[in-house]
Structures are given as C-alpha cells and as structure tokens.
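Note that the sequence shown covers residues 6 to 213 in our numbering.
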Amino acid sequence: MSVAPRTVAVALTGASGMAYGIRLLEQLLRGGARVWLIYSQVAQVVARQELDLKLPAQPREAQRHFTEAFGAAEGQLEVFGREDWFAPLASGSNPADAMVICPCSMGTLAAIAAGLADTLIERAADVMLKESRRLVLVPRETPFSAIHLENMLRLQRAGAIVLPANPGFYHQPRSVQEIVDFVVARVLDQIGMPHDLVRRWGEPPVEP
C-alpha cells in the first residue's frame, strides 16, 4: 500500500525575495509533495518586478502554468484564490501537514502574530498554529524594527518557525541561484523534505 505524499501549503506574499518562494515551489513539486499554493496581490507585483514573472490572477491559470513548468503530476498542485474560504486550508478539519510563507512580508507576519484572519493566507496560518502543525515564516527585511522583532518572538513562542532569508556562504556559492538554494534548503529541512540543494557543513566540496 503506497503512502500518500505529504501536503504542504505555500504562500507567497509581498516581501522581496520571490526567487526563494518559486524555487521552494519547484523543489516541493519535483520532490513529490502535494502542494496548495496561494499568493497575495502584492506578491504578483513583486514577482513581476524581481523575476519578470506574471503570476496569473486566476487560480486555474496559475495551476496550469506551474504544473507544466515544474512537471507536476495531475492533481499534485492546487492553487486557491485569496478569498476562497471553501479551500481545505481554511479549516482545522483539513489542514496541510506544513505551511511555508515565503517570502513573508512584515504586514503578513504582523497580522498572523495578532491572530487576524482577514485573508486566506492569514486564516491558513492561524489554522496551522491552533492545530499545532509546522508553520515556517521566511521574512526578508532589513533592518528589523522593534515591532518586527516583537512580532517574530510572539510567533516563535506560539509555535511557528521564523526563518529569515539569511544565506550562509560556507558552501562557497558561485551564483545567485546557489545563494537562493541555501535558504530554500533550510526551509525544506524544517518541514522534513529531503533534498540535495547544498553541501552541508562538514561535507567535502564537490570537485568541478
């Protein structure tokens, strides 16, 4: 009897660092995970600005685009609208195994820390916390204000994982992609997804 792949909710919001979120989506789909995707309106602006990527306004178009782009199996990826309150991730009766908000804007982080649920992203995150499921937030901001830090501390205490997009360099990256992969690798580690994106600490370098 085969084991169903784990379900991971991915949310893209309006912080800089859209390359992290798209690479994460690719790795999850190629790794066989079932993915529920949702993104904010500002995320569409950031994706166009940073990656020259047009995130479709219609969920069906986005689902078709990413399924084809990353070779996902039929039904492996589901994309939901920002106010689709009938989406499974809106209810604690059918939560994802893990949720990652990447990149996570400070506005989204603050809303979740305050317990707000005005959008599907906020509600899904609230569900993950109340159901004691793994929630990973990847903020990309600098410097942090006292308000940012207090919100992050509040979320960490509530059970979330706050994983700022701070790449390491001990693996001697030679491209922007390798820097992106470092952060995505840490996210995948946090949700228990196997990968071979980067050389781990203590492993010998790969000969060119």
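The C-beta atom is built at its ideal place from N, Cα and C for all residues, glycine as well.
Quick caveat: nothing in here was measured; it's all calculated off a predicted structure.
Residues bridged to residue i [DSSP beta-bridge criterion]
i, result
"Arg39", "Thr12"
"Leu56", "Per DSSP, none; premise fails for Leu56."
"Tyr44", "Leu17"
Pairwise C-alpha distance: residue j and residue i
i, j, result
"Leu114", "Leu34", "25 Å"
"Leu193", "Leu30", "11 Å"
"Glu83", "Phe71", "10 Å"
"Arg145", "Ser180", "19 Å"
"Val167", "Ile117", "12 Å"
"Leu158", "Pro100", "24 Å"
"Glu55", "Pro61", "16 Å"
"Glu136", "Gly97", "7 Å"
"Ala78", "Leu140", "25 Å"
"Glu155", "Val203", "31 Å"
"Tyr44", "Asn171", "22 Å"
"His153", "Gly19", "16 Å"
"Gln46", "Phe91", "19 Å"
"Phe187", "Gln81", "25 Å"
"Val50", "Leu94", "24 Å"
"Leu142", "Asp89", "21 Å"
"Gly173", "Val132", "31 Å"
"Trp206", "Gln177", "11 Å"
"Glu127", "Leu160", "13 Å"
Residue i - containing alpha helix (DSSP H), residue span
i, result
"Glu83", "Premise fails: Glu83 lies in the beta strand (DSSP E), Leu82 to Val84, not in any alpha helix (DSSP H)."
"Ala190", "Val181 to Gln195"
"Pro64", "Pro64 to Ala74"
"Ala122", "That residue, Ala122, is in no alpha helix (DSSP H); it is neither H nor E in DSSP."
Host beta strand (DSSP E) of residue i (start-end)
i, result
"Pro144", "Arg139 to Pro144"
For residue i, the three-state DSSP class (helix, strand or coil)
i, result
"Ile106", "strand"
"Val167", "strand"
"Leu202", "coil"
"His153", "helix"
"Ala92", "coil"
"Gly22", "coil"
"Ala78", "coil"
"Gly97", "coil"
"Gly173", "coil"
"Thr113", "helix"
"Arg28", "helix"
"Arg128", "helix"
"Arg159", "helix"
Cβ-Cβ separation, residue j to residue i (assumed contact under 8 Å), whole Å
i, j, result
"Lys59", "Arg53", "6 Å"
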